[in-house]
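A.B. asks: Just so we're aligned, residue 715 is where the sequence shown starts under the working numbering, counting upward by one.
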Amino acid sequence: MNMDLESSSVLRLRGGGERGGGGGGESDIEETFDPQFEYTEEPPLEEEEGDCMEIPEEYETGSSVNASDHVSRRYYPTWIRPSIDPVTVLEGGALDLDMQCTDLDILTGYPLQTHPASTHDQKSRKVPGPSVQQPCPILRLYGSTREGASVCAYVHGFSPYAFFSCPDSYVHHGNDMRHCLNDLLRSGVRSSDGRDVSVFCHGVKYHEGKRSLLGYVSAHQKFLQVYVASPTMVPTLKRIMEEGIELPRKCRGDDGEDDGHVRFEAYEANVPFVLRFMIDIGMTGGGWVTLPSKRYRVRVPRKNAPGAPKRQRTAHDGHFETPKMHCQIEVDVTFNDMIPRDPNDSAWSGIAPLRILSFDIECAGRRGHFPEAKRDPVIQIANVLSSFGKEENVRTIFTLGSCLPVVGAQVVCSDTEEEMLEKWREYLEATDPDILTGYNVQNFDIPYLLDRAEALTNDNSQNSKLHSFALWGRVKGQKARMKDTTFQSAAFGKRSNIETTIDGRVIFDMLPYMQRNHKLSSYTLNSVCSEFLGQQKEDVHHSIIATLQNGTDEDRHRLATYCLKDALLPQLLMNKLSVLVNFIEMARVTGVTLEFLIARGQQIKVFSMILRKCRNENLLVPTLSKTGANAGGDGYEGATVLEPMKAYYDTPIATLDFASLYPSIMQAYNLCYSTLISPADLKGIDPSLYKKSENGHVFVHSTTKKGILPIILEELLTARKKAKRDMKNAKSDYEKAVQNGRQLALKVSANSVYGFTGATVGQLPCLPIASTVTSYGRFLLERTKAFVEEKYTISNGYKHDAVVIYGDTDSVMVKFGTKTVEESFPLAIEAADRCSEIFPKPIHLEFEKVYFPYLLMNKKRYAGLMWTQTDKYDYMDTKGLETVRRDNCALVREVIQTSLDKILIGRDVPGAIDYVKSQISDLLQNKMDISRLVITKSLNKGAEYALGLGGKKEDYKVKQAHVELAARMKKRDPGSELFF
715 MNMDLESSSV LRLRGGGERG GGGGGESDIE ETFDPQFEYT EEPPLEEEEG DCMEIPEEYE
775 TGSSVNASDH VSRRYYPTWI RPSIDPVTVL EGGALDLDMQ CTDLDILTGY PLQTHPASTH
835 DQKSRKVPGP SVQQPCPILR LYGSTREGAS VCAYVHGFSP YAFFSCPDSY VHHGNDMRHC
895 LNDLLRSGVR SSDGRDVSVF CHGVKYHEGK RSLLGYVSAH QKFLQVYVAS PTMVPTLKRI
955 MEEGIELPRK CRGDDGEDDG HVRFEAYEAN VPFVLRFMID IGMTGGGWVT LPSKRYRVRV
1015 PRKNAPGAPK RQRTAHDGHF ETPKMHCQIE VDVTFNDMIP RDPNDSAWSG IAPLRILSFD
1075 IECAGRRGHF PEAKRDPVIQ IANVLSSFGK EENVRTIFTL GSCLPVVGAQ VVCSDTEEEM
1135 LEKWREYLEA TDPDILTGYN VQNFDIPYLL DRAEALTNDN SQNSKLHSFA LWGRVKGQKA
1195 RMKDTTFQSA AFGKRSNIET TIDGRVIFDM LPYMQRNHKL SSYTLNSVCS EFLGQQKEDV
1255 HHSIIATLQN GTDEDRHRLA TYCLKDALLP QLLMNKLSVL VNFIEMARVT GVTLEFLIAR
1315 GQQIKVFSMI LRKCRNENLL VPTLSKTGAN AGGDGYEGAT VLEPMKAYYD TPIATLDFAS
1375 LYPSIMQAYN LCYSTLISPA DLKGIDPSLY KKSENGHVFV HSTTKKGILP IILEELLTAR
1435 KKAKRDMKNA KSDYEKAVQN GRQLALKVSA NSVYGFTGAT VGQLPCLPIA STVTSYGRFL
1495 LERTKAFVEE KYTISNGYKH DAVVIYGDTD SVMVKFGTKT VEESFPLAIE AADRCSEIFP
1555 KPIHLEFEKV YFPYLLMNKK RYAGLMWTQT DKYDYMDTKG LETVRRDNCA LVREVIQTSL
1615 DKILIGRDVP GAIDYVKSQI SDLLQNKMDI SRLVITKSLN KGAEYALGLG GKKEDYKVKQ
1675 AHVELAARMK KRDPGSELFF
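#1: What are the partner residues of TRP1581, as DSSP defines its beta bridges?
#2: Can you tell me whether DSSP reads ALA1373 as helix, strand or coil?
#3: Return helix, strand or coil for ILE743, following the three-state DSSP convention.
#4: Can the beta-carbon of ALA1087 be found less than 8 Å from the beta-carbon of ASP1165?
#5: For LEU1392 and THR1488, what's the separation of their Cα atoms in angstroms?
#6: Report the CB separation of PRO1284 from GLY1152 in whole angstroms; it is logged as a contact under 8 Å.
#7: Indicate the three-state DSSP secondary structure (helix, strand or coil) for SER877 in the structure shown.
#8: Could you check what DSSP says for CYS894 in three-state terms: helix, strand or coil?
#9: Looking only at its own chain, which residues have a Cβ that is under 8 Å from the Cβ of ASP1515, when we skip the five neighbours before and after it?
#10: Measuring from the CB of LYS1419, is there a heavy atom of the ligand FAD at a distance below 7 Å?
#11: By how many angstroms is the C-alpha of GLY1187 removed from the C-alpha of GLU1143?
#12: Can you look up SER721 in the DSSP assignment and give me helix, strand or coil?
#13: Out of curiosity, what's the CA-to-CA distance linking ALA1167 and PHE1321?
#14: Taking the C-alpha atoms as reference points, what is the distance between GLY823 and CYS850?
#15: Provide the residue(s) that pair with GLN1094 in DSSP beta bridges, ordered along the chain.
#16: Does ASP1217 have its Cβ less than 8 Å from a Cβ in chain C?
#17: Could you check how far apart the C-beta atoms of PHE1413 and ASN1384 are, in whole angstroms? I think they sit under 8 Å.
#18: Quick test of the definition: if touching needs 3 or more C-beta pairs under 8 Å, does the segment 795-805 touch the segment 1291-1298?
#19: Taking PRO1393 as part of the alpha helix (DSSP H), name the residues at either end of that continuous run.
#20: Give the C-beta separation of ALA1274 and THR1113 to the nearest angstrom, bearing in mind that I take them to be a contact with Cβ-Cβ under 8 Å.
#21: What's the call for ALA1368, buried or exposed, on a 16-neighbour Cβ count within 10 Å?
#22: May I have the straight-line CA-CA distance separating ASN1097 from PHE1310, to the nearest angstrom?
#23: Quick test of your reading: THR1337 and LYS952, contact by CB under 8 Å. State the CB separation rounded to the nearest angstrom.
#24: Could you tell me how far apart the beta carbons of SER1378 and ILE1557 are, in whole angstroms, since I believe they sit closer than 8 Å?
#25: Keeping to the same chain, check which residues put their C-beta closer than 6 Å to that of GLY671; ignore five residues upstream and five downstream.
#26: Examine the Cβ distances between the segment 936-948 and the segment 855-872 and report whether three or more of them are shorter than 8 Å.
#27: Touch check for the segment 1533-1549 and the segment 1561-1573: three-plus C-beta pairs under 8 Å?
#28: Is there contact here, the segment 1071-1089 with the segment 1266-1282, by at least three beta-carbon pairs under 8 Å?
#29: Based on DSSP bridge pairs, tell me the residues matched to ASN1211.
#30: How is PRO1366 classed by DSSP in three states: helix, strand or coil?
#31: Can you check DSSP and say which residues form a bridge with PRO1540?
#32: For the alpha helix (DSSP H) containing GLY958, name the first residue and the last one.
#33: Based on DSSP bridge pairs, tell me the residues matched to PRO1336.
#34: Kindly give me the distance between the Cβ atoms of ILE1426 and VAL1467, rounded to whole angstroms, as I take these residues to be in contact under 8 Å.
#35: Within the same chain, show all residues whose beta-carbon is closer than 8 Å to that of GLY735, passing over the 5 residues directly before and after it, in chain order.
#36: Below 8 Å, can you find three or more Cβ-Cβ pairs linking the segment 1325-1337 to the segment 922-934?
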């Protein structure tokens, strides 16, 4: 596809009529908009040399097309993907097919009757997995080739399973055990899960060479690996095994247990099926896989020669040989034929030219009411289509009613809302984006479009064109699905969202991304873009949108420029912040899908890394209850904060920081699930093999047995150093961005490991590890303070006695008594090196900055001019003060910031005092603009209950002022808008 903006056509598609007094009438509304969208005379569409589509004659003359025309390849050659014949391009499967994975899902189908490779080789090959013809899981792998062709690979033969520990007396007889479990599953699974299934348990494997991850155990254990027919049967299998089963008589052994009733402990029974598949074949999210030549089958439509009899199905056809997707390439392959590629290999570290569609809608809401899909129409849909790695984009705006042309964009006008919505759906199908983005599209634009189409269909069910409107995905005939979800974490609180599934397309909403990754006072698109892009939205207030829509062509043109800018800005944000690169690198580092990164928290990422490493080390991860490894504790003592010596320091304050403190502690002291010795197991173990921490927990030395977590951390931090080196040596901005995204992903992943162990509700909680980490952290901080204050004294030959004025988690602030920054640097560097020598490796203290001057107000509340070089300070660094907190009004932030400027930069303390007094005086005399006193609060935990939207009463124990206000506003006017 040609993505050159300058060659994009400026089209005006409309019917014969006009809406709302359109035409050449004048508008009385002031018009201000970005000059890049200024309308001009419509130029003719020029045919480009080598374009794969023939330009219709009517476009070559510049005339308009009737609004009823289908939005198809015939009319919009700049929108569509290049046409390809997969059989020709891949030589019928005789070439390797390389694809980058963007999404992965599951469907229920039937096993292949013949191996895909039999298309090229008539040798008989067994298809992996169960041979019985009954419903089974098939994975759909979506992605893109290096050339940008969309691909869907149907992956066959991979069966779900879980592990279970066996008693010592167990004697394995596979068929007997399989028949036993098959009968138990038949009676235990829900009817919906077992529909058309005759064989529930597909097999039982016996293992003697594996060990449990949890606890230091030197001997191997016995495990059963049980395969079932569907991923939904794994929880049922886990329940049956944990409650206990009557073992077949042959499996009971001869130890006198006549009843044979045995309870099994479950291992890896809580691993999502998609993640299980990726781990087992060695594939990562966002990574590349190769389907080897002659090992996959290209799907092609069935065609009969003219006059020939209808083709008969053969055993060779299997069940999935015809295309069922809106993808350019569809293939079938067995899971054991796929070759995952290592993202650390430079040959496979690149990113395919993924298609990204950013869109925004405008609605004509009633005055004073927030738009409601059941009543208020969608009037415009703006789209910005781009290809990853290219700056060019194609802009398209769908309008209800006529509109003047917009330079740099294609304008598609429709006479009715139904027509406009259907044209947009056709556009979505034709452009076939890999990624959908926008700002708050998950909770507004997408649900509104789907709900609006449903409302229009209900109003006119006989003639509506919108029965198929929700067909947004790549699976033909499969509609987009919405459901309400709740995300909750300690870092982000509780958030309610609408989660939409669009098969084969990743939805990446920039609003939740900004909320998770950046601390801002406001998350409106205007505020965010002003902060990061230096740009703002078009100057169109929401209250005049309906007026513009009902005005002239020129008014709707103004609205179109506004809507297009709102679609463009999220894409500019995504590019500016390297969002897609960072997410893909995080998926590659942690091994999870992009969808997991977007929809789930930190735990799944660490869980994935642990599972992968355990598979390599022949360890199995236990499936624990919520507090299964917490050793009865409800919590633990957190990080140390040394008591601050509060003051204004007009002398340099050096800051010494521990590099990756918690990961370093876990490595240095070998803290892991696999190295933890329980009190019951401690007796009989040689004391020289372990070390007891100050909080009483015992872990074996790394020389005895190196833990899984230290191994993971060592690999992550080593890989990060390599990525940082590669970033410095990068030859292009693209390579630099990829390596920077990788090193950031490695850093975040390493820092997440400690939090994973300390989560009281999680996949694998282990408070003994988390509490030991913080215990050593306190020890190291206090040891650093003692060493510095004992070493750097006048009695030891230094000019001043050093004093540690504050310490917080992983850093200490030291007053060496020097008068200048130049004098502080060598002392701080020396102190960091000396301290590092007394700590076990890889714990390392670093010197990075000096504060001068420095204002220490309290724990976690300070400000100072930060110096990393001696010639000039970098910037004013502020922590915990109202200038960076979001729970205060603008007046407080402005007063504090101005005061800090006067104190730290101007060194004018009396001037700061006078300024504060003047502001207080103006406030008391009512001379302040009331807008400066507005406080923004979030509606999180308990808000649903207070607002009558569900939720639990116990979540709302203390009434919050902003929640009560919102509840009153909702009661007074259900359609009123709450700004965020």
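All C-beta atoms, glycine included, are put in the ideal place defined by N, C-alpha and C. In this text the structure is predicted, and so the values were computed from the model without any measurement.
C.D. replies: In short:
#1: DSSP lists VAL1564 as partners of TRP1581.
#2: Coil.
#3: Because the pLDDT of ILE743 is 34, which lies under 50, any placement of that residue in the model is unreliable, and the question is left without a value.
#4: Yes; because the gap between Cβ atoms is below 8 Å, this pair is in contact.
#5: In the sequence on display, residue 1392 carries Ser and not Leu. Whole-angstrom Cα-Cα distance: 19 Å.
#6: Rounded, the Cβ-Cβ distance is 5 Å, consistent with contact.
#7: According to the sequence displayed, residue 877 carries Phe and not Ser. PHE877: strand per DSSP, three-state reduction.
#8: Of the three classes helix, strand and coil, the one that applies to CYS894 here is helix, per DSSP.
#9: GLU1503, TYR1506, THR1507, ILE1508 and GLY1531, listed in sequence order.
#10: Questions concerning the ligand FAD fall outside what the structure shown contains, since it holds no ligand whatsoever.
#11: Each residue's CA atom was taken as its position, placing GLU1143 and GLY1187 some 8 Å apart.
#12: Because the pLDDT at SER721 is just 32, under 50, the model does not fix this residue reliably, and the point stays unresolved.
#13: Going from the Cα of ALA1167 to the Cα of PHE1321 covers about 40 Å.
#14: Their Cα atoms are separated by approximately 5 Å.
#15: Note: GLN1094 is bridge-paired with GLU1076 and THR1113 in the DSSP secondary-structure output.
#16: The question asks about chain C, but that chain is absent: this structure has only one protein chain.
#17: Indeed, because the Cβ distance is near 6 Å, the residues count as touching under 8 Å.
#18: Touching, no.
#19: From DSSP, the alpha helix (DSSP H) with PRO1393 extends over 1393-1396.
#20: In this structure ALA1274 is in contact with THR1113, their Cβ atoms being roughly 6 Å apart against a cut-off of 8 Å.
#21: ALA1368 should be labelled buried.
#22: For ASN1097 and PHE1310, the distance between alpha carbons rounds to 26 Å.
#23: That pair is a contact at about 7 Å.
#24: Going by Cβ atoms, the distance from SER1378 to ILE1557 rounds to 5 Å, so yes, they are a contact pair.
#25: Past the boundaries of the shown model lies residue 671; the chain is included only from 715 to 1694, so the question cannot be answered.
#26: Three or more beta-carbon pairs separated by less than 8 Å are not found between the segment 936-948 and the segment 855-872, which leaves the two stretches without contact.
#27: At 8 Å Cβ cutoff, the stretches touch.
#28: Pairwise C-beta distances place the segment 1071-1089 in contact with the segment 1266-1282, as three or more of them are shorter than 8 Å.
#29: For ASN1211, which the question treats as bridged, DSSP gives the partners THR1199.
#30: PRO1366: coil per DSSP, three-state reduction.
#31: Paired residues: none, contrary to the question.
#32: Careful: GLY958 lies outside any alpha helix (DSSP H) and carries neither H nor E.
#33: In DSSP, PRO1336 forms a bridge with TYR981.
#34: Cβ atoms of ILE1426 and VAL1467 come within 8 Å of each other, at about 7 Å.
#35: A caution first: GLY735 carries a pLDDT of 34, below 50, which makes its placement in the model too unreliable to give a value.
#36: The segment 1325-1337 makes contact with the segment 922-934, as at least three CB pairs between them are under 8 Å.
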